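One structure is given here, and the rest of the page talks about it.
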Ligand SMILES: [Ca+2]
Ligand SMILES: [Ca+2]
Ligand SMILES: [Ca+2]
């Protein structure tokens, strides 16, 4: 059962007219009229009537939007001087006082003025640069640079002939609420418990869900073929033998976060998610430790940030086989994706899937990081994490094949991965935590296989960058100078190419022509590469490009919209998210970044579009990292 909410954007024909101004609309109608020269008068009138209707209904929609203040008015705002002209695109969260500040304007213009939002007083003016044309979006743009304005306040841009932009802020705390909300999005993803939040006047709630995670029917390496032949619902025992393998029994694996728009839990996708979030802690922990997230006290004595991460590591620990072997189950999942219902209503049985070498290696790396980060707050738990990591590493060192479990009974996310990078990451994280030279040697040996030490575009399938970053910045003794220098050089070269792509893009997007599944997440993830390149070889362009990535995600983009639910200007309203589709609240669950288009103009804010409008922990972790570096650290 999939409930599809009416999309916010109209059908393509209306949307294309909705994105242009009044004069341009008349031009389109005229050109349409002329293009129908070949047709007879009757069909020309029919077409004209249809187009007129579309324009009138567009105006009507605007009037309704304006009267309800829903902010969906878009470009029709030209008719009303107070309404923004969304041809002026900027970071709707705002700008840090000392940072570069740019807006992209997609209508011809020459000058601009920045005015105070309250009084309309002009505080800065300048000339735009351009025109710049860009193929992938088929647009010509002009850039307004108001970086020199650094006085905190609320402002808007005014462009002669176009009108005004949306309001934006300059201040030290412009990213604080977004950081808080994107972290609370993880809390709202918690599985195995009820969650509850008020956001923007709406209550987002679900009862405790998936409390019987998970069944072991598919866990056996020996008899999966036999078990796969049994209809799963014919098995109904409640025995809970911790050593039972491949039998009809369950073992506790509650907690963790739901993965995405679906409710399943996949170990491999925790890799970049937690990996980036632990790195944020290690780099910006001094700021993050003061931030209250208003979450339940599930880990007394922990700072809220780590408290939320522990909800996931608690679950990860349960994914390790209880037989002491060190194997780690690849995922927990229903056999098929469930419907758009709240998670407590998803009562289909969920099963462990057998171990994979990728999941086991990711587990090692994450448990080693957990041991480091949690130790000051909970030495016992840290020790548990470290022992679990060492045990699984030991198992991997004796089992060198890239192993995937038998998942033929499942239709949910496979998260299949080649494990070389994951194993290398496991080794280096254990070395960083323990200092034991055998881990260092294993990492250095594995790293020799890569000429390019740093990837430009990466996600959960390739965690090589995480491994290299830990090695490069480790303060431990014993590293090879030539390898350190190679990683450093490749990091700087990659960061330089990220800057080059950003410089070429009218919206400051740093991925060039790369549009893949979840590339909004990779835009955010590039902030990690840029921050670390700036540590290795300081360059203001790296930080500017990192902030441009955030600007891009929050409105300086082809759509002139925020990509994060509940935040910024015209955020996504229909994410592919089962909670948002399954509750009775019109607004979606807040704080989630959506994946984005597979082409420069391919994003659709439509619930059923999992390809471009889903939410996912690996993109969310990147968003948290990106914002963490630029929060003020003030308690919320
Ligand atoms: Ca190299
Ligand atoms: Ca991999
Ligand atoms: Ca809803």
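Numbering (my numbering), first residue to last: 623 to 1258. We treat Cβ as the ideally placed atom computed from N, Cα and C, and that holds for glycine. Since we're looking at a predicted model, the values are computed, not measured.
Taking only runs of the beta strand (DSSP E) that begin and end inside the segment 792-834, which ones reach a length of at least 3 residues, in chain order? The qualifying runs are 817-821, 824-828.
* For ligand 3, which residues have a Cβ under 5 Å from at least one heavy atom, in chain order? -> The filter returns 1202, 1205, 1207, in chain order.
- Query: For the candidate residues 1170, 1022, 1060, 780, whose alpha-carbon lies nearest to that of residue 1042?
  - Reply: Here residue 1042 is taken as the residue at index 420 of the chain shown, counted from 1. Looking at the Cα atoms, 1022 is the closest of the given residues.
Residue 964 and residue 828 closer than 8 Å at C-beta
As a first step, residue 964 must be located in the chain shown, where it is residue number 342. As a first step, residue 828 must be located in the chain shown, where it is residue number 206. Taking 8 Å as the Cβ cut-off, residue 964 and residue 828 qualify as a contacting pair.
Check your understanding: Does DSSP classify residue 952 as helix, strand or coil?
Key -> Reading the chain shown from its first residue, position 330 is the one you call residue 952. In the three-state reduction of the DSSP assignment, residue 952 falls in the coil class, being assigned neither a helical nor a strand state.
- With DSSP run on the structure shown, which of helix, strand or coil describes residue 980? In the chain shown, the residue the question calls residue 980 occupies position 358. Residue 980 sits in a helix when the DSSP states are folded into three classes.
Can you tell me whether residue 704 is buried or exposed, with buried defined as 16 or more other CB within 10 angstroms of its CB? Locating residue 704 in the chain shown gives position 82, where the first residue counts as 1. Counting Cβ neighbours within 10 Å, residue 704 comes out exposed, since fewer than 16 surround it.
For a minimum of 3 consecutive residues, which ranges assigned as the beta strand (DSSP E) are wholly contained in the segment 737-794?
Counting whole runs of 3 or more residues, the segment 737-794 contains the beta strand (DSSP E) stretches 744-749, 751-756, 761-767, 775-781, 790-792.
Is residue 1125 near ligand 2, judged by its Cβ being under 7 Å from some heavy atom?
Here residue 1125 is taken as the residue at index 503 of the chain shown, counted from 1. It does not: the Cβ of residue 1125 is nowhere closer than 7 Å to a heavy atom of ligand 2.
Would you check if there are 3 or more beta carbon pairs closer than 8 Å linking the segment 990-1001 to the segment 1048-1057?
These segments touch.
ask   = Candidates 1212, 1230, 1234: which alpha carbon is nearest residue 1221's?
value = The residue given as residue 1221 occupies position 599 in the chain shown. Its Cα nearest to that of residue 1221, the residue 1234 stands out among 1212, 1230, 1234.
*Between the Cα of residue 1150 and the Cα atoms of 1090, 802, 983, which residue gives the shortest distance?*
Start at 1 with the first residue of the chain shown, and residue 1150 comes out as number 528. For the set 1090, 802, 983, the Cα lying nearest the Cα of residue 1150 is the one of 1090.
* Asked: Would residue 954 pass as a contact of residue 1038 if the rule is Cβ separation under 8 Å?
  -> Residue 954 sits at position 332 when you count from the first residue of the chain shown. Residue 1038 sits at position 416 when you count from the first residue of the chain shown. No, Cβ-Cβ distance for residue 954 and residue 1038 is not below 8 Å.
ask   = What is the chain-ordered set of residues for which the beta carbon lies under 6 Å from any non-hydrogen atom of ligand 1?
value = Screening all residues for a C-beta within a distance smaller than 6 Å of any heavy atom in ligand 1 leaves 1073, 1074, 1075, 1108, 1112, in chain order.
Taking just the CA atoms, how far does residue 1250 sit from residue 1306? The chain is shown only over 623 to 1258; residue 1306 falls outside these bounds and no answer can be derived.
- Query: Just to confirm, are residue 944 and residue 873 a CB contact at a threshold of 8 Å?
  - Reply: As a working note, residue 944 is residue 322 in the chain shown. As a working note, residue 873 is residue 251 in the chain shown. A distance below 8 Å separates the beta carbons of residue 944 and residue 873.
If you follow the alpha helix (DSSP H) that residue 1120 is part of, which residue opens it and which one closes it? The residue given as residue 1120 occupies position 498 in the chain shown. First-last of the alpha helix (DSSP H) with residue 1120: 1103-1126.
task = Using alpha carbons as the reference points, say which of 741, 1185, 1035 lies closest to residue 1210.
result = Looking up residue 1210 in the chain shown gives position 588. With distances taken between Cα atoms, residue 1210 lies closest to 1185.
If you reduce the DSSP assignment to three classes, tell me which class residue 1159 lands in. For the purposes of this step, residue 1159 is taken as the residue at position 537 of the chain shown. Correct three-state label for residue 1159: coil.
Could you give the distance in angstroms between the alpha-carbon of residue 1058 and the alpha-carbon of residue 1096? What you label residue 1058 is simply residue 436 of the chain shown in a count that begins at 1. What you label residue 1096 is simply residue 474 of the chain shown in a count that begins at 1. Their Cα atoms are separated by approximately 13 Å.
- Selected residue, minimal CA-CA separation from residue 928, among 979, 974, 995: For this step, residue 928 is matched to residue 306 along the chain shown. That would be 995, whose Cα lies nearest to the Cα of residue 928.
Q.
If you reduce the DSSP assignment to three classes, tell me which class residue 697 lands in.
A. Start at 1 with the first residue of the chain shown, and residue 697 comes out as number 75. Note that residue 697 scores a pLDDT of 40, beneath 50, so its modelled location is shaky; the value from the coordinates is reported in the next line. Residue state, collapsed to three classes: helix.
**Report entry** residue 1035 CB to nearest heavy atom of ligand 2 below 7 Å
**Finding:** Looking up residue 1035 in the chain shown gives position 413. Incorrect: residue 1035 has no Cβ contact closer than 7 Å to ligand 2.
Item to complete: Please report how far the alpha carbon of residue 741 lies from the alpha carbon of residue 773, in whole angstroms.
Response: Stepping through the chain shown from its first residue, residue 741 is reached at position 119. Stepping through the chain shown from its first residue, residue 773 is reached at position 151. Note on geometry: alpha-carbon atoms of residue 741 and residue 773 lie some 15 Å from one another.
Fill in: Pairwise C-alpha distance: residue 1215 and residue 1123
Reading the chain shown from its first residue, position 501 is the one you call residue 1123. Reading the chain shown from its first residue, position 593 is the one you call residue 1215. Residue 1215 has its alpha-carbon roughly 22 Å from the corresponding atom of residue 1123.
### Query
Can you name the residues that DSSP bridges to residue 1202?
In the chain shown, counting from the first residue as 1, residue 1202 sits at position 580. DSSP links residue 1202 through a beta bridge to no other residue.
Please classify residue 1135: is it buried, with 16 or more other beta-carbons within 10 angstroms of its beta-carbon, or exposed?
Translated into the one-based positions of the chain shown, residue 1135 becomes position 513. Looking at its Cβ environment, which holds fewer than 16 other Cβ atoms inside 10 Å, residue 1135 is exposed.
Practice task
May I ask you to report which of helix, strand or coil DSSP gives residue 1148?
Solution key: Against the chain shown, residue 1148 aligns to sequence position 526. Helix, per DSSP.
Could you give the DSSP three-state label for residue 1239: helix, strand or coil?
-> Taking the first residue of the chain shown as 1, we reach residue 1239 at position 617. Judged by DSSP in its simplified three-state form, residue 1239 adopts helix.
request  = Could you tell me the distance, in whole angstroms, from the CA atom of residue 870 to the CA atom of residue 837?
outcome  = To locate residue 870, count along the chain shown from 1; it is residue 248. To locate residue 837, count along the chain shown from 1; it is residue 215. As the crow flies, the alpha-carbon of residue 870 is around 7 Å from that of residue 837.
Measuring only from the beta carbon, is residue 1023 closer than 7 Å to any heavy atom that is part of ligand 2? Numbered from its first residue, the chain shown carries residue 1023 at position 401. No.
Considering only heavy atoms of ligand 2, does any lie closer than 7 Å to the CB of residue 1144? As a working mapping, residue 1144 is identified with position 522 in the chain shown. Not under cutoff, so the answer is no.
Under 8 Å, do residue 1181 and residue 714 count as touching if we go by C-beta distance? For the purposes of this step, residue 1181 is taken as the residue at position 559 of the chain shown. For the purposes of this step, residue 714 is taken as the residue at position 92 of the chain shown. No, these two residues do not count as a Cβ contact at 8 Å.
Report yes if the C-beta of residue 593 is less than 7 Å from at least one heavy atom of ligand 2; otherwise report no.
One cannot answer for residue 593 here, as it falls past the ends of the chain, which runs 623 to 1258.
*Collapsed DSSP secondary structure at residue 1244 in the structure displayed*: Within the chain shown, residue 1244 is the residue found at index 622, counting from 1. The answer is helix: DSSP assigns residue 1244 an H, G or I state.
Inset, instruction - Kindly indicate which three-state DSSP category residue 885 falls into: helix, strand or coil? - result: Locating residue 885 in the chain shown gives position 263, where the first residue counts as 1. Assignment of residue 885 by DSSP, reduced to helix, strand and coil, places it in the coil class.
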